[in-house]
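Worksheet: one structure, shown below.
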Amino acid sequence: MKNFGKNTKILLVILFSITMALYSCKGSEKVSKEVKQAEKAQRRMENDFEKEYRQAIKQHNKIQSKQAKQSMKQMKRSQKKSNKSKERVLTDRLLNSNCK
């Protein structure tokens, strides 16, 4: 009987320490307002950069002559066809992610 009480106390101490460890980890996940604002500003800057890049691409394509546009289309099509043959098989991509 005396061992039963001792084992129960040890078990309770272990359970208590595990729960305290879990709750303390969740407390560290809170992020300050400054960090959130910095991340938001970073995302906004990235979005602005992407918009400017897309606009620059559109402007570049507008400037090109008709013949250049046609050759770019043909090149895009031929690249698509040649790259399709180099694509790995679905099972290979799923099972062997470290392959080429």
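Mind the numbering: the sequence shown is residues 489 to 588 in the working numbering, read in order. The beta-carbon is built from N, C-alpha and C at its ideal position, and this holds for glycine as well. Keep in mind that this is a model prediction, so the values were computed, not measured.
Practice item. Kindly indicate which three-state DSSP category residue 584 falls into: helix, strand or coil? Key: Looking at residue 584 - three-state DSSP - the assignment turns out to be coil, as it is neither helix nor strand.
**Study point:** Assigned exposure category for residue 502 - 16 Cβ within 10 Å defines buried
**Key:** Note on residue 502: under 16 other CB atoms within 10 angstroms of its CB, so exposed under the neighbour-count rule.
Exercise for review: Assign residue 505 to one of three DSSP states: helix, strand, or coil.
Suggested key: Judged by DSSP in its simplified three-state form, residue 505 adopts helix.
Practice item. Alpha carbon to alpha carbon, how far is residue 534 from residue 520? Give it in angstroms, no decimals. Key: One C-alpha to the other measures close to 21 Å.
Exercise for review: Provide the residue span of the alpha helix (DSSP H) that contains residue 527, from first to last.
Suggested key: Counting along the chain, the alpha helix (DSSP H) containing residue 527 begins and ends at 521-551.
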